[in-house]
Structure formats: structure tokens, C-alpha cells
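Below is one structure; the comments refer to it alone.
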Amino acid sequence: MNDSKIDLDHVSALARIELSDAEKTKFAGDFQTILGFFEKLNAADVSALEPCAHAFPVYNVLRDDVPGETLPVEALLRNAPTAREDQIVVPRVVDDGE
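Throughout the sequence shown, residue numbering follows the working numbering, covering 464 to 561 in sequence.
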């Protein structure tokens with residue numbers, strides 16, 4: 464295994480988390496194990512494989528966007544908790560900026 468060393472202080476600062484000394488000791492070993500797995504992956508010969516974004520072909524399975532019949536306003540507003548002037552009333556989520 465390559466003798467790469469991870470700077471846990473730098474990684475924890477990037478993640479914006481504080482680690483205790485015990486956690487740093489534990490995670491240092493975990494990170495070294497993970498790096499070992501990456502080194503095994505790097506050793507695999509993939510030169511004969513074609514690059515791909517997914518392991519299996521991905522196809523767009525959406526239906527065509529075709530305009531259709533709409534529901535009447537009364538039926539749509541039936542499930543709204545509050546309605547006014549044929550519109551759904553929702554709680555205010557923006558303040559006045561004061």
C-alpha cells in the first residue's frame with residue numbers, strides 16, 4: 464500500500480466538523496483502509512473497457528408532454544386548506560425586509 468497520509472485536521476475543517484483525539488485516531492485508520500481499497504481499484508486493468516456514465520443503459524422513459532383535459536377550478540380548490548378568488552392561499556414565507 465502506498466504510504467499516503469491524510470491530514471485529518473484539514474479534512475475535518477473542510478467538512479466543518481470538530482473531531483476529538485480519539486475520533487482522529489479511529490478515523491485515521493479508517494481512511495487508510497479506504498485508501499487501500501482505492502489502490503486495489505487503481506490496480507485493475509480497465510484499458511479494454513469503454514467509458515460509461517452508468518453500468519446499464521439508461522433511457523428516457525417519460526411520456527410525451529401533450530396538453531390534455533384540465534380539471535375544473537372547483538375540483539382543484541376542493542383539497543386546498545384555504546382559497547380566495549380561485550387561488551390557493553398559502554402562508555407567507557417572505558418577510559418585509561425590516
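Beta carbons: idealized from backbone N, C-alpha and C, even for Gly.
Contact check, residue i vs residue j, beta carbons under 8 angstroms
| i | j | result |
| --- | --- | --- |
| K487 | L471 | yes |
| V536 | D549 | yes |
| F500 | I469 | no |
| A543 | I551 | yes |
Where the alpha helix (DSSP H) containing residue i begins and where it ends
| i | result |
| --- | --- |
| N505 | 484 to 506 |
| A478 | 471 to 478 |
DSSP-derived helix/strand/coil call for residue i
| i | result |
| --- | --- |
| A546 | strand |
| L539 | helix |
| N465 | Confidence at N465 is low in this model, with a pLDDT of 49, below 50, so the placement of that residue should be treated as unreliable; the coordinate-derived value is given next. If DSSP states are grouped into helix, strand and coil, N465 belongs with coil. |
Which residues DSSP lists as bridging residue i, in chain order
| i | result |
| --- | --- |
| I650 | Residue coverage of the chain in this structure runs from 464 to 561, which leaves residue 650 outside it and unanswerable. |
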